[in-house]
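Residues 1 to 333 (UniProt numbering) are what the sequence shown spells out, left to right. Before any comments, here is the structure.
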Amino acid sequence: MTKIISFESSADETSVAIVEDGHIVLSNSVATQINSHQRFGGIVPEVASRHHIEWITRVLDDALSLAETKPEDLDAVAVTYGPGLVGSLLVGLMGAKTFALAHNLPIIPVNHLAGHIAAANFNAPIIYPALALMVSGGHTELVLMREENHFEVLGETRDDAAGESFDKVGRLLKLPYPAGKTIDDMAHRGQATIKFPTAMAHEDNYDFSFSGLKSAVINYVHHADQKGDTINQDDLATSFQNAVVDALIGRTRRALQNFPVRSFVLAGGVAANSQLRDELKILLEDFSQTAFIPVPLQYTGDNGAMIGAAGYWNFKQNIFADLDLNTDPGLDF
Ligand code: KG4
Ligand code: ZN
1 MTKIISFESS ADETSVAIVE DGHIVLSNSV ATQINSHQRF GGIVPEVASR HHIEWITRVL
61 DDALSLAETK PEDLDAVAVT YGPGLVGSLL VGLMGAKTFA LAHNLPIIPV NHLAGHIAAA
121 NFNAPIIYPA LALMVSGGHT ELVLMREENH FEVLGETRDD AAGESFDKVG RLLKLPYPAG
181 KTIDDMAHRG QATIKFPTAM AHEDNYDFSF SGLKSAVINY VHHADQKGDT INQDDLATSF
241 QNAVVDALIG RTRRALQNFP VRSFVLAGGV AANSQLRDEL KILLEDFSQT AFIPVPLQYT
301 GDNGAMIGAA GYWNFKQNIF ADLDLNTDPG LDF
């Protein structure tokens, strides 16, 4: 049995978790700072770093006591070193290094994006080869994994990330940040009365683009404002969400057709979207050889447990770091 303690602080969640063998979550303590960023309509890096400093030792103590685990029971310390905000990443990295040094434990460097995908193992074991759709506030990627801990990016966004487009439309509609969940709820109540474009639907690749859709929504709202028309925000949410989900489904279908895989993983904050989950489930019915493994809802957003899951992949491959490990804010796969 391998017990890993894992630190995550790349954006606005401070989290420490203890995970056994990469898939049993013994504890997952998460402190969110969303309230502090809401009045600014987005994450303010300096505010985020200060929150991480304030919370890191509290979530660490919490994770250890919830798991009823002593430092001497642990095998390694995993930590997110990128991508993310440099000042935020540094806090988790310093916390992890200090803990590792104090308890003489090896350090495992973890890519936050791999962490999002590895969280699917909390649902069911990922079977390889696998395809993953990683949709978060900062990333939108279709990733092929021919084997565990091996990533080939088939396609990615050329501009805004999927979650970013939800948040930007939310800002336009004066919804609280982050707006993904609110728009998801509104979309259930509305009707798809507006036809927004699905970008690049006819291009033969796996890339995404959401800035054109965002501009179309902005133009629609400004045009209505100028004419003095009132907008049905629920209908706008439904129409916008349909366009985002259509784009994600279209690319995923093409990738599944061209790469026969044994499992399909849906990961990242936007993986909580109910319409996306429902439509992917229906899509996967056409691919009977492919198991659908969405990340469980409580692990779609940023959390320490997912870093412990990906950390275990590295642990098995002897991928460790020294105390001079640095952050890599622009890290990709
Ligand atoms: O993965 P995550 O927690 O943080 C990043 O690494 O970016 O993703 C956060 C993103 C935000 O943009 C948020 O609006 C979006 O996930 N999100 C959703 C939903 N819940 C969260 N987007 C659409 N529908 C949702 N239900
Ligand atoms: Zn994330």
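Ideal placement from N, C-alpha and C gives every residue a C-beta, glycine not left out.
_Using a strict less-than 5 Å threshold between each residue's beta carbon and the heavy atoms of the ligand KG4, what residues do you get?_
Ser-136, Gly-137, Gly-138, Gly-163, Phe-166, Asp-167, Pro-178, Gly-180, Lys-181, Asp-184, Gly-268, Gly-269, Val-270, Ala-272, Asn-273, Gly-301, Asp-302
*How is the alpha helix (DSSP H) around Asn-314 delimited, first residue to last?*
304-316
*Exposed or buried, Asp-160, counting other C-beta atoms within 10 Å across all chains shown (16 or more means buried)?*
buried
_Are there any heavy atoms of the ligand ZN lying less than 7 Å away from the beta-carbon of His-52, as far as the coordinates show?_
no
*Would Pro-329 pass as a contact of Pro-45 if the rule is Cβ separation under 8 Å?*
no
*Taking only runs of the alpha helix (DSSP H) that begin and end inside the stretch 145-189, which ones reach a length of at least 4 residues, in chain order?*
162-172, 180-189
*Taking C-beta to C-beta, are Leu-144 and Pro-129 nearer than 8 Å?*
yes
*asked:* Do Tyr-220 and Ile-183 have their beta-carbon atoms positioned less than 8 Å apart in this structure?
replied: no
*Please work out which residues of its chain come closer than 7 Å, Cβ to Cβ, to Ser-27, disregarding the five sequence neighbours upstream and downstream, and give them in chain order.*
Ala-17, Ile-18, Ala-63, Leu-66, Ala-67
*Go ahead and label Thr-238 buried or exposed: buried means 16 or more other beta carbons lie within 10 angstroms of its beta carbon, across all protein chains shown.*
buried
*Name the DSSP beta bridge partners of residue 347, please?*
Outside the shown range of the chain (1 to 333) lies residue 347, about which nothing can therefore be said.
*asked:* Beta-carbon within less than 8 Å of Glu-72's beta-carbon, same chain only, minus the 5 sequence neighbours each way: which residues are those?
replied: His-103
_First through last residue of the beta strand (DSSP E) which encompasses His-24_ = Sequence check: residue 24 is Ile here, not His. 24-32 is the span of the beta strand (DSSP E), which, as asked, contains Ile-24.
*So, Val-59 versus Ala-78, is the Cβ gap smaller than 8 Å?*
no
*Would you check whether the ligand ZN has a heavy atom nearer than 7 Å to the C-beta of His-37?*
no
*asked:* Between which residues of its own chain and Pro-260 is the CB-CB distance below 7 Å, once the five residues before and five after are set aside?
replied: Gln-289
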